[in-house]
Amino acid sequence: MDTTTALLIFHRLVAIYPHTETHFLGFTNPFECLILTILSAQTTDATVNRIAPALFERYPTAEDLAAADPAELEEIIRPTGFYHAKGKNIIGAAAALIARYNGGVPDRMDDLITLPGVGRKTANIVLHHAFGINAGVAVDTHVRRLSQRIGLSETADPEKIERDLMALYPQELWGEITYVLIRHGREVCSARKPACPSCLISNICRYPGKTCEATAKKT
DNA sequence: CTCCCGATAT
DNA sequence: ATATCAGGAG
């Protein structure tokens, strides 16, 4: 994939998905952004947003969450799945914020990925949406799937895909490219039933005619 | 590589 | 009934 084609894809998608809010989770500060993004692993944002009000009403700050009773916390976050691991992670992350970052959320990749439950994807989301920093490209399941289908990257390894996207796009677009790829992945280029006929970048995509049509014809 | 795990779409 | 969902840890 060449840079010119990659930029064309980006501009087509931005035209389809104009946005003022570039996130899908209902957070109001960096702490809430961090916690909700950890909880969003392998879970739809709708499910996360549904439990968010109860979660932050019970635990408004890192101090409150660090002192949470695990069983009580698990009951609140259970609908998001992986609730035992996630509960342990967000209590641990809150405790780390208190112990090492004066109760605040660090704004550097190296610090964020030391927090339990936080990898590069979650760290990139927090950096971009809570601090406006484009340290890298967040590669989630949608970004990975679309990158492979469109041909933005040839690998299935999220870290390699991130490097490919960082090489293809200027740094100021690293946050937005994640947003438009996820949006397109949800609304058109879905995992099971991609709507290739109504896709406005299908003429660029190498995917139609392969798995795309085969998947679509199954129904 | 497996495991974590409930909600939702197909 | 099964694949998938704003992944990460062991």
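Numbered by my numbering, the letters in the first sequence go through residues 1236 to 1454 in order.
For glycine and all other residues, C-beta sits at the position ideal for the given N, C-alpha and C.
Just so you know, these numbers come straight off a predicted model, no measurement behind them.
- L1387 and A1328 have their C-alpha atoms roughly 33 Å apart.
- Counting only runs of 4+ residues, the alpha helix (DSSP H) found wholly inside the segment 1351 to 1425 occupies 1355 to 1366, 1376 to 1385, 1393 to 1403 and 1409 to 1422, in chain order.
- CA-to-CA, the gap between G1354 and T1278 works out to about 16 Å.
- Less than 8 Å divides the Cβ of I1273 from the Cβ of I1325.
- In the three-state reduction of the DSSP assignment, G1327 falls in the helix class, which pools H, G and I.
- Inclusion of I1412 and V1372 in the CB contact set at 8 Å is warranted, their separation being smaller than that value.
- Distance between A1301 and H1364, taken at the CA atoms: about 23 Å.
- Around the beta carbon of R1379, a 10 Å sphere encloses 16 or more other beta carbons of the protein chains shown; the residue is thus reported as buried.
- H1319 and P1265 have their C-alpha atoms roughly 23 Å apart.
- A distance below 8 Å between beta-carbons, with the five flanking residues on each side excluded, links M1344 to the following residues of its chain, in chain order: R1355, A1358, N1359, L1362, A1370 and G1371.
- Counting C-beta atoms within 10 angstroms of its own C-beta, S1433 has fewer than 16 neighbours from the protein chains shown and is therefore classed as exposed.
- Put simply, the segment 1408 to 1428 touches the segment 1242 to 1262. At least three CB pairs are less than 8 Å apart.
- DSSP places D1304 outside any alpha helix (DSSP H), giving it a letter other than H or E.
- Non-local beta-carbon contacts of V1374 in its own chain, meaning distances under 7 Å to residues more than five positions away in sequence, involve K1356, P1393, I1396 and E1397 in chain order.
- Within the model, the alpha-carbon separation for H1377 versus P1288 is close to 26 Å.
- Across the structure, K1323 and M1401 are spaced so that their CA atoms are roughly 32 Å apart.
- In the three-state DSSP reduction, G1322 falls in the helix class (H, G or I).
- Counting only residues of its own chain and dropping the five nearest sequence neighbours on each side, A1241 has a CB closer than 7 Å to the CB of L1387, L1403 and Y1404.
- Residue range P1265 to L1274 is occupied by the alpha helix (DSSP H) that includes E1267.
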